[in-house]
Amino acid sequence: MMRALVVDDEPLARAGVLARLRQCPDIDVVAEYGDGPAALAGIRDARPDLVFLDVEMPGLNGLGVLAALPAAERPLAVLLTAHEQFAVQAFALDVVDYLLKPVEDERFADAVARARQAWRFRCGAPEAPGPQAGYLSRFTVRYGSRLVFVDVEEVEWIDAAGDYATLHAGGREYLVRMALHRLVESLDPAAFARVHRSAIVRLDRVAELRTLGNRDAMLRLRDGTPLRASRTYIDALLAALERQRTAG
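For the sequence shown, the UniProt record's numbering begins at 1 and goes up steadily by one.
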């Protein structure tokens, strides 16, 4: 079980994170703090696996808290902020995810999924997707009168289809009876990322990313498919692409 701290100087924001984490049976919140110096002391004392950390706080901001810790003692971190300009510094500290306030439930779930994957890697669990890591390795879908088995590695992107989702793999489409927000929790975040409320993409299929004026972005996949990435997901997408680049 992951041991977590929650740090935010806004009591309502802190309560919102705590309420969401209470729905995660594999995460044990061991403490909460409302300022940077207390958070730094708490991290040094409790040695948590994961910290949900507000960036802007009195005394010492969240980035300062992480920077004050040696890399070997730094917990996995999900940063929380109402502003976007800290993203580059956050990625330099190798944070798991970067959430803009007000945080949407689906983005919070994405961040928790990434934290779980990163924690497994730190603990020496298998990194590759599959049953051992708790992620899907293939889909079983109905295609006409047949049952078709689609390996996860073949899926290039996925889009929402009402309460279901459509897999795009090898030029074909397969309907999966699972909502997109549930599906993203079943996929390895090292290989897949949500880019829009209605779309998930396989990271190694992204050939090009072009930013737009409103902080949205246009993606081009290797087969030429264009996909829009919304500003809600763009920072996490950039971080995931960078992690994949450095890992490769």
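For every residue, glycine included, the Cβ atom is placed at its ideal position computed from N, Cα and C.
Within 9 Å of any Cβ in chain C, is that where the Cβ of residue i sits?
| i | result |
| --- | --- |
| P11 | Considering every chain present, this structure includes no chain C. It has just one protein chain. |
To the nearest angstrom, report how far apart residue i and residue j are at their CA atoms.
| i | j | result |
| --- | --- | --- |
| A128 | R122 | Any reading at A128 needs caution, since the residue's pLDDT is 42, under 50, leaving its predicted position unreliable; the model's value is listed next. Between A128 and R122, the C-alpha separation is close to 13 Å. |
| T211 | R205 | 18 Å |
| C24 | Y98 | 19 Å |
| residue 330 | S186 | This structure does not reach residue 330, given that the chain is present from 1 up to 248, and the question cannot be answered. |
| A199 | V65 | 34 Å |
| E153 | L237 | 19 Å |
| L93 | V184 | 25 Å |
| A190 | P37 | 33 Å |
| A195 | G42 | Sequence check: residue 195 is Val here, not Ala. Roughly 34 Å separates the two Cα atoms. |
| V55 | A160 | 33 Å |
| R231 | N214 | 8 Å |
| Q117 | Y135 | 10 Å |
| D163 | R197 | 13 Å |
| F139 | E242 | 27 Å |
| R146 | S137 | 20 Å |
| A115 | D188 | 11 Å |
Under DSSP, the alpha helix (DSSP H) around residue i begins and ends at which residues?
| i | result |
| --- | --- |
| E242 | 231–247 |
| R205 | Here R205 belongs to no alpha helix (DSSP H), and DSSP marks it neither H nor E. |
| E106 | 105–122 |
| R47 | No alpha helix (DSSP H) contains R47, which DSSP labels as neither H nor E. |
| R20 | 11–21 |
Would residue i and residue j be called neighbours here (beta carbons separated by less than 9 Å)?
| i | j | result |
| --- | --- | --- |
| E156 | A169 | yes |
| R5 | P75 | Position check: residue 5 holds Leu in this sequence, whereas Arg was assumed. Yes, they are a contact pair. |
| V148 | Y174 | yes |
| D235 | L100 | yes |
| D9 | P70 | no |
| L40 | A82 | no |
| A13 | L60 | no |
Shortest alpha-carbon distance to residue i belongs to which of the options?
| i | options | result |
| --- | --- | --- |
| R142 | R14, R44, L167 | L167 |
| D45 | E32, A115, E56, V55 | E32 |
| D49 | A13, P102, R120 | R120 |
| D223 | A193, R172, Q244, Y233 | R172 |
| D28 | P102, A72, L18 | L18 |
Could you please give the first and the last residue of the uninterrupted beta strand (DSSP E) stretch that includes residue i?
| i | result |
| --- | --- |
| E185 | Careful: E185 lies outside any beta strand (DSSP E) and carries neither H nor E. |
| V6 | 2–7 |
| A217 | 217–221 |
| V80 | Rather than Val, the amino acid found at residue 80 in this sequence is Leu. Segment 76–81, the beta strand (DSSP E) holding L80. |
| V195 | 192–196 |
| residue 331 | Nothing can be reported for residue 331: it is not among the residues displayed for the chain, which extend from 1 to 248. |
| V155 | 155–161 |
| V96 | No beta strand (DSSP E) contains V96, which DSSP labels as neither H nor E. |
What distance in whole Å lies between the Cβ atoms of residue j and residue i, which are believed to be in contact at a cut-off of 8 Å?
| i | j | result |
| --- | --- | --- |
| L219 | A229 | 6 Å |
| A240 | L203 | 6 Å |
| V78 | A111 | 5 Å |
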